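Peer 1:
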Amino acid sequence: MLYDIWTVFWRDWVVLKHRMIKFILSRMVAPMLYLVAFGWGLGRSMSPIGGGSYIDFLVPGILALNSMNISFNSITPIHSERIYHKSLEEYLIAPIRPLAFIIGKILAAVLRGLISSVIIVALSYLFGANFTITPLFVFVLIINCIIFAEIGFCAAMTIHSYEDMGRFNTYILLPMSFLCGTFFATDKLPLVAKYFVELLPLTHTSYLLRNIGASRDFSLLSALVLGLYMGLFLLLCIWAMRKIKE
Amino acid sequence: MIKIEGLVKKYQHKNAKNKNEWKTVVNDLNLHIEPGEIFGLLGPNGAGKTTTIRMLTMLTQATAGEIVYNGLNVKHDQEAMKALIGVVPQQINFDQDLTVGENMELHARLHHMGKESRKQRIAELLEYVELSDRVNDNVRLLSGGMKRRLLIARALIHNPKILFLDEPTVALDPQVRRRIWDLIRRMHREDVTVLLTTHYIEEAENLCNRVAILNKGKLIALDTPKALCERVGRYVVEWDTLEERDFRFFMTREAAAEFAATVDAATTIRRSNLEDVFVELTGRKVNV
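Protein sequences, first through last, are from chains A and B.
Anchor point for the first sequence: position 245 equals 245 in this note's numbering, and the numbering is continuous, going up by one each time.
Whatever position you read off the second sequence (first residue = 1), add 246 for this note's numbering.
#1: With 8 Å set as the bound, which would you pick, yes or no: does the beta-carbon of Q366 (chain B) sit closer than that to a beta-carbon of chain A?
#2: What would DSSP say about I159 (chain A), mapped onto helix, strand or coil?
#3: Please name the residue in B:T513, B:V438, B:E521 whose C-alpha comes closest to that of L474 (chain B).
#4: How about L396 (chain B) and L411 (chain B): are their beta carbons less than 8 Å apart?
#5: In terms of residue numbering, what span does the beta strand (DSSP E) encompassing I408 (chain B) cover?
#6: In the DSSP assignment, what residue or residues form a beta bridge with V272 (chain B)?
#7: Given a cut-off of 8 Å, decide if I447 (chain B) and F524 (chain B) are closer than it, judged by their beta-carbon atoms.
#8: Quick one: using the 10 Å Cβ neighbour count with 16 as the cut-off for buried, is I408 (chain B) buried or exposed?
#9: Any C-beta of chain A sitting closer than 8 Å to the C-beta of E380 (chain B)?
#10: Tell me which residues share the same chain as K103 (chain A) and place their Cβ nearer than 6 Å to its Cβ, disregarding the 5 neighbours each side in the sequence.
#11: Using 8 Å for Cβ pairs, my map puts S74 (chain A) next to A149 (chain A). What's the rounded Cβ distance?
#12: Please give me, in chain order, every unbroken run of the beta strand (DSSP E) with length at least 3 that falls completely inside the region 263-344 of chain B.
#13: If you drop the 5 nearest sequence neighbours on each side, which residues of the same chain put their C-beta closer than 8 Å to that of V140 (chain A)?
#14: Please report whether the beta-carbon of L2 (chain A) lies at a distance below 8 Å from any beta-carbon of chain B.
#15: So, at 8 Å on beta carbons, what are the nonlocal neighbours of N276 (chain B) in its own chain, with the 5 sequence-adjacent residues on each side left out?
#16: With a 10 Å radius around its C-beta and 16 neighbouring C-beta atoms as the bar for buried, classify M497 (chain B) as buried or exposed.
#17: Which residue spans inside the region 110-174 of chain A form an unbroken alpha helix (DSSP H) run of at least 4?
#18: Which term fits N261 (chain B), buried or exposed, when burial requires 16 or more other beta carbons within 10 angstroms of its beta carbon?
#19: Using a Cβ-Cβ cut-off of 8 Å, state whether V110 (chain A) counts as contacting chain B.
#20: Are the Cβ atoms of V336 (chain B) and M304 (chain B) separated by less than 8 Å?
#21: So, is K265 (chain B) buried or exposed, given that buried needs 16 or more other C-beta atoms within 10 angstroms?
#22: Closest Cβ-Cβ distance between N405 (chain B) and chain A: below 8 Å?
#23: Give the single residue among A:F131, A:V118, A:I143 whose Cα lies nearest to the Cα of L107 (chain A).
#24: Identify whether R480 (chain B) lies in helix, strand or coil by the three-state DSSP scheme.
#25: Would the beta-carbon of R456 (chain B) fall within 8 Å of that of E351 (chain B)?
#26: Enumerated in chain order, which unbroken segments of the alpha helix (DSSP H) with a length of 4 residues or greater are wholly contained in the region 63-91 of chain A?
#27: Is it buried or exposed for V440 (chain B), if we count other Cβ within 10 angstroms and need 16 for buried?
#28: For V532 (chain B), which residues in the same chain have their Cβ closer than 7 Å to its Cβ, ignoring the five residues on either side in sequence?
#29: Which residues in chain B sit within 8 Å of L92 (chain A), going by Cβ to Cβ distance?
#30: Between which residues of its own chain and R530 (chain B) is the CB-CB distance below 7 Å, once the five residues before and five after are set aside?
#31: Which residue marks the beginning of the alpha helix (DSSP H) containing A193 (chain A), and which one marks its end?
#32: Using the beta-carbon of each residue, which ones in chain A are nearer than 7 Å to R355 (chain B)?
#33: Is it buried or exposed for A240 (chain A), if we count other Cβ within 10 angstroms and need 16 for buried?
#34: Kindly indicate which residue of B:I403, B:E362, B:S389 has the alpha-carbon position closest to the one of E373 (chain B).
#35: Below 8 Å on the Cβ atoms is my guess for L249 (chain A) versus V197 (chain A); work out the distance and round it to an integer in Å.
#36: Mind checking whether T514 (chain B) and E476 (chain B) have CB atoms under 8 Å apart?
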């Protein structure tokens, strides 16, 4: 099982190695824009939030949304491997367990999510942000990557067309990127919207990263919510692997 | 080696009235394939050949029936069965982001081969299919014939005992096709059991010890190519009518000649072939 997980991970690592420079450069664009537009531009005219500057508030949110987007989008090429290139069949006819495939793919997406997070952390320090990175901070980032890699896996395994994959991004990831406590606190939302947004995993990642980064209390409830999402989506990944054989 | 009993595959689809209904693609298929045999599954497009291969290679779950390889049952021994089989799919399905060598290595790793044995085996097979100098090229850069050869090489890396080939020579020029036939014959000499699907009758006649003819998901004939030809008649008299080319089967050349003498048109007398069997059994031309 471990060897099979490593094989699946190895394939994604080989592809990443081919494109490492392009990957790093492309991952710098969106965070730079967020930091310039919301950190420098908008943030300078805003009053401090929770005792820190707006950029200190912003960086954990950018880390949360970026790790979400990167881990989701790193795993969704499985969709074209399944529908167009059929290269997924190479794994399906191999003597490996479906779970090894799922875990290997998720770990590769986590790696990409973490590399892009390192880039953001470096840029954020250059932009003058203050926050503390602890092992717990990294752990929450990893859990966030796992959850959205799992969601990406389920989407790639069940959605039939390329257009619908794009719609998934537009209708689900994009609104979450802006509303889940990333650029502003969820308290600013109307009550019903606030409760809804607080059910979503990205909101809890944003809160946890922000609190850990500012050396404030760690919310066990948020950690529990993330744990539940992680377990639930893993089960859905296993179900999706079974479904493609029907 | 391969035992298939009561195999059924049904798909849900929308009928002409836009209602969901079940379509039977493979209907109660029973086959026993001996070790070391080259076995052909023939049939027109949509006969159920690819669906059968997909069930046999565990890409699709059967609706009902048993699939057993060497005593291993698909219901509970899938991993062990997958280690026994090599698959050459109809669609070229390389990982587009990897090179020739990396695609081969991925396959070897997925079959748990050690570093040295996979290195040696990949080099040996690439040399065998004359692609050694393309090892570091991306697979997208290969021609259609090269990709087909590489597909076969990849399927052989882990020394499978059973090789499934789904339309292995479709859309290839005659030289490449004959070369792939040579590869398949070599597998046969090495005691690999080969199951291939084709709708090229010539391919089945050239390669297969036995053939099964499928039509609309049902097995309609199963025997050696020679016995099937003898079943419908060893000789064929062909002649042109105003509408089409007509033909009739005869057991002896004498009977064929006697009949030809009565036809008021130019006739041809020839030995029957598998295509004639197919036409006789299904009423349709193959490849139409």
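Idealized CB from N, CA, C, for every residue including glycine.
Keep in mind it's a predicted model, so treat the numbers as computed, not measured.
Peer 2: In brief:
#1: Locating residue 366 (chain B) in the second sequence gives position 120, where the first residue counts as 1. No, Q366 (chain B) lies away from the interface with chain A (no Cβ there is under 8 Å from its Cβ).
#2: Taking the first sequence and counting its residues from 1, one reaches residue 159 (chain A) at position 159. In the structure shown, I159 (chain A) sits in coil (DSSP, three-state: anything other than H, G, I, E or B).
#3: For the purposes of this step, residue 474 (chain B) is identified with residue 228 of the second sequence, where counting begins at 1. When each option's Cα is compared against that of L474 (chain B), the closest is B:E521.
#4: The residue you call residue 396 (chain B) lines up with position 150 of the second sequence. The residue you call residue 411 (chain B) lines up with position 165 of the second sequence. No, these two residues do not count as a Cβ contact at 8 Å.
#5: Taking the second sequence and counting its residues from 1, the one referred to as residue 408 (chain B) is at position 162. That run of the beta strand (DSSP E) goes 408-412.
#6: Position 26 of the second sequence, counted from the first residue, corresponds to residue 272 (chain B). Answer is B:K255, bridged to V272 (chain B).
#7: Position 278 of the second sequence, counted from the first residue, corresponds to residue 524 (chain B). Position 201 of the second sequence, counted from the first residue, corresponds to residue 447 (chain B). Contact: yes.
#8: Reading the second sequence from its first residue, position 162 is the one you call residue 408 (chain B). Counting Cβ neighbours within 10 Å, I408 (chain B) comes out buried, since at least 16 surround it.
#9: The residue given as residue 380 (chain B) occupies position 134 in the second sequence. Inspection of the sequence shows that residue 380 (chain B) is occupied by Arg rather than by Glu. No - not a single Cβ of chain A is within 8 Å of the one on R380 (chain B).
#10: Your numbering for residue 103 (chain A) matches position 103 in the first sequence. It should be pointed out that residue 103 (chain A) corresponds to Ile in this sequence rather than to Lys. Cβ within range, chain order: I5.
#11: For this step, residue 74 (chain A) is matched to residue 74 along the first sequence. For this step, residue 149 (chain A) is matched to residue 149 along the first sequence. That pair is a contact at about 7 Å.
#12: 266-279, 284-288, 310-315, 331-334
#13: The residue given as residue 140 (chain A) occupies position 140 in the first sequence. Counting only Cβ-Cβ distances below 8 Å, and skipping sequence neighbours, we find T205, L208, L209, I212, A223, L226.
#14: The sequence position of residue 2 (chain A) within the first sequence is 2, counting from 1. Chain B, which has no Cβ nearer than 8 Å to the Cβ of L2 (chain A), makes this no.
#15: Along the second sequence, one-based indexing puts residue 276 (chain B) at 30. Excluding positions up to five away in sequence, the list reads I250, E251, G252, L253, L465.
#16: As a position in the second sequence, residue 497 (chain B) is number 251, starting the count at 1. Note on M497 (chain B): under 16 other CB atoms within 10 angstroms of its CB, so exposed under the neighbour-count rule.
#17: 135-158, 162-168
#18: The residue given as residue 261 (chain B) occupies position 15 in the second sequence. Exposed, since its Cβ has fewer than 16 Cβ neighbours within 10 Å.
#19: For the purposes of this step, residue 110 (chain A) is taken as residue 110 along the first sequence, with counting starting at 1. So no, V110 (chain A) is outside the interface.
#20: Within the second sequence, the letter at position 90 stands for residue 336 (chain B). Within the second sequence, the letter at position 58 stands for residue 304 (chain B). Checking the sequence shown, residue 336 (chain B) turns out to be Gln, not Val. For Q336 (chain B) and M304 (chain B), no; Cβs fall outside 8 Å.
#21: Numbered from 1 along the second sequence, position 19 holds the residue referred to as residue 265 (chain B). Per the 10 Å Cβ criterion, exposed.
#22: As a working note, residue 405 (chain B) is residue 159 in the second sequence. With 8 Å as the cut-off, N405 (chain B) does not count as an interface residue toward chain A.
#23: As a working note, residue 107 (chain A) is residue 107 in the first sequence. The shortest C-alpha separation from L107 (chain A) is found at A:I143.
#24: Position 234 of the second sequence holds residue 480 (chain B). Coil, per DSSP.
#25: One-based indexing of the second sequence puts residue 456 (chain B) at position 210. One-based indexing of the second sequence puts residue 351 (chain B) at position 105. Contact flag unset, no.
#26: For the region 63-91 of chain A, whole alpha helix (DSSP H) runs of length 4 or above, ordered along the chain, are 77-83.
#27: Mapped onto the second sequence, residue 440 (chain B) falls at position 194. The residue is buried, with at least 16 neighbouring Cβ atoms inside 10 Å.
#28: Sequence index remark: in the second sequence, residue 532 (chain B) carries index 286 (1-based). Any answer about V532 (chain B) is weak, because its pLDDT of 42 lies below 50 and its placement is not dependable; what the coordinates show is given next. Within the same chain, V532 (chain B) has close Cβ partners P290, H445, I447, E521, F524.
#29: The sequence position of residue 92 (chain A) within the first sequence is 92, counting from 1. What L92 (chain A) touches in chain B: M304, L305.
#30: Along the second sequence, one-based indexing puts residue 530 (chain B) at 284. Note that R530 (chain B) scores 47 on pLDDT, short of 50, meaning its location in the model is unreliable; the coordinates nonetheless yield the value given after this. Closer than 7 Å at the Cβ level, and outside the excluded window around R530 (chain B), lie P290.
#31: Residue numbering aside, residue 193 (chain A) sits at position 193 when the first sequence is read from its first letter. Counting along the chain, the alpha helix (DSSP H) containing A193 (chain A) begins and ends at 191-197.
#32: Translated into the one-based positions of the second sequence, residue 355 (chain B) becomes position 109. Per Cβ cutoff of 7 Å: T7, W10.
#33: Counting from one through the first sequence, the residue named residue 240 (chain A) turns up at place 240. By the 10 Å Cβ count, A240 (chain A) comes out buried.
#34: For the purposes of this step, residue 373 (chain B) is identified with residue 127 of the second sequence, where counting begins at 1. E373 (chain B) has its Cα closest to that of B:I403, out of B:I403, B:E362, B:S389.
#35: An answer regarding residue 249 (chain A) cannot be provided, because it is not within the stretch 1 to 246 covered by chain A.
#36: For the purposes of this step, residue 514 (chain B) is taken as residue 268 along the second sequence, with counting starting at 1. For the purposes of this step, residue 476 (chain B) is taken as residue 230 along the second sequence, with counting starting at 1. No, Cβ-Cβ distance for T514 (chain B) and E476 (chain B) is not below 8 Å.
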